[in-house]
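Student:
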Amino acid sequence: MPALPGLLARGWRGLVWYLRAVTGEDRWDAHVRECAAHGHPAGTRREFERQRQDRAEGAAVDRCC
1 MPALPGLLAR
11 GWRGLVWYLR
21 AVTGEDRWDA
31 HVRECAAHGH
41 PAGTRREFER
51 QRQDRAEGAA
61 VDRCC
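Numbering-wise (full-length UniProt numbering), the sequence shown opens with residue 1 and increments by one.
Structure (structure tokens):
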């Protein structure tokens, strides 16, 4: 059976991963990595969030409510 500290560390890493996914922090990190891979500057976090929000508002959504 794995030691308790190992289980706690694994649980903590899982919680951090989940929170980063829920808050969108992982999308920013992916954006920075992609920009670096293509050799462009990533811009600011604020610009990234503004563009992401603009895309979300411009997307057509069919809803009943």
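Glycine residues also receive a C-beta, built at the ideal position from the N, C-alpha and C atoms.
All of these numbers come straight from a predicted model, not from anything done at the bench.
Suppose you measure from the CA of residue 42 to the CA of residue 21; what does that come to, to the nearest Å?
Tutor: C-alpha separation (whole angstroms): 20 Å.
Student: Using the three-state DSSP reduction, which class does residue 14 fall into: helix, strand or coil?
Tutor: Residue state, collapsed to three classes: helix.
Student: Can residue 149 and residue 28 be called in contact, C-beta distance under 8 Å?
Tutor: This structure does not reach residue 149, given that the chain is present from 1 up to 65, and the question cannot be answered.
Student: In whole angstroms, give me the CA-to-CA distance for residue 13 and residue 37.
Tutor: Straight-line Cα distance between these residues: approximately 26 Å.
Student: List the endpoints of the continuous alpha helix (DSSP H) containing residue 58.
Tutor: 45-58 is the span of the alpha helix (DSSP H), which, as asked, contains residue 58.
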